[in-house]
Amino acid sequence: MSRKNVQMRGLKVCVIGCADRDNHHLEQQFSRMGIQGEFCPVFPNEAQFVGQQLLVFDGDNPDLFHPTNKLPWPALPKIALTAMETPSRLQWITEQKIDSYMRKPVRFDGVMTAFTLALESAARFAQLEQQLRRQEERLRARKYLFSAQIQVMQSLQLGEDEAYNLLRLAAMAQHMTIENLSCEFLNNKPSWLNLLKALAVDKL
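First residue of the sequence shown? That's 1 in UniProt numbering, and the numbers climb one at a time after it.
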């Protein structure tokens, strides 16, 4: 399946703690690309982050850098500007969980690349997190499937595979996952057993 290109026009970007020269170049690029920029000399409060879609911050700004205190970043893609390559500063920048970076001073090239990579990286990470949550939910639900399977085996005198297949067929008929159906079964066993008995006559 093809992916849509990242759209820059209308993108809302918050720029944090950057030098005037870098702000000026970023503002020029934003104007050219149709990006809405908000420039904050210090770390914004929670209200200032509302509506923003991308963050750019100066990773060399001593007012932002602190080896132990964590900045309260919102869940948005982040780009660090940096000119320093000292191990401590690079370690701090990586701890901010950035999605891309740009070298200082900001020039007229590189902005599109950094923004595209950051947005794509954040989108992929969000997708992976969503998939992981779904898998964790299914793993947690497996214990309910096992309990339902045991009870179907005992109530309908079926083998392990037959009970599983019956639950699977019922889940397909109800457009549910087998794990969700198992939870429903355990909450209302008599009704579901009647349904499963009828299904067993037709299918098993």
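Just so it is clear, CB atoms sit at the ideal spot from N, CA and C, and this is done for glycine as well.
- Closest in alpha carbon position to Gly-17, among Gln-36, Asp-60 and Gly-34, is Asp-60.
- The Cβ atoms of Leu-167 and Ser-191 lie no closer than 8 Å to each other.
- Between Val-13 and Gln-52, the CB-CB gap stays under 8 Å.
- According to the DSSP secondary-structure assignment, Val-13 is paired through a beta bridge with Gly-37 and Leu-54.
- In the three-state reduction of the DSSP assignment, Thr-116 falls in the helix class.
- Below 8 Å, too few C-beta pairs join the stretch 151-158 and the stretch 112-127 to call them touching: fewer than three.
- In the DSSP assignment, Leu-81 falls outside any alpha helix (DSSP H) and within the unbroken beta strand (DSSP E) covering 78-82.
- In the DSSP assignment, Met-8 falls outside any alpha helix (DSSP H), carrying neither H nor E.
- Minimum Cα-Cα distance from Leu-54 among the listed residues Lys-104, Gly-10 and Arg-21 corresponds to Gly-10.
- When DSSP reads this structure, Arg-134 sits in no beta bridge, so it has no partner.
- With a threshold of 16 other beta carbon atoms within 10 Å, Ile-93 meets it and is buried.
- The residues Phe-115, Thr-116, Leu-119 and Glu-120, in chain order, have a CB closer than 8 Å to that of Val-6 in the same chain once the five nearest residues on each side in sequence are set aside.
- The C-beta of Met-102 has 16 or more other C-beta atoms within 10 Å across all chains shown, which makes the residue buried.
- Residue Pro-105 holds the alpha-carbon nearest to the alpha-carbon of Asn-23 among Thr-68, Met-8, Pro-105 and Gln-96.
- A Cβ-Cβ separation of about 5 Å places Phe-39 in contact with Val-15 under the 8 Å criterion.
- Comparing C-alpha distances from Pro-72 to each of Leu-139, Phe-49, Ala-19 and Leu-186 shows the shortest one belongs to Phe-49.
- Around the beta-carbon of Gln-91, fewer than 16 other beta-carbon atoms lie within 10 Å, marking it exposed.
- Assigned with DSSP and collapsed to three states, Arg-107 falls in coil, not helix or strand.
- For Met-172, the enclosing alpha helix (DSSP H) begins and ends at 160-173.
- Scanning Gln-96, Ala-163 and Ala-123 for the CA closest to the CA of Val-201 turns up Ala-163.
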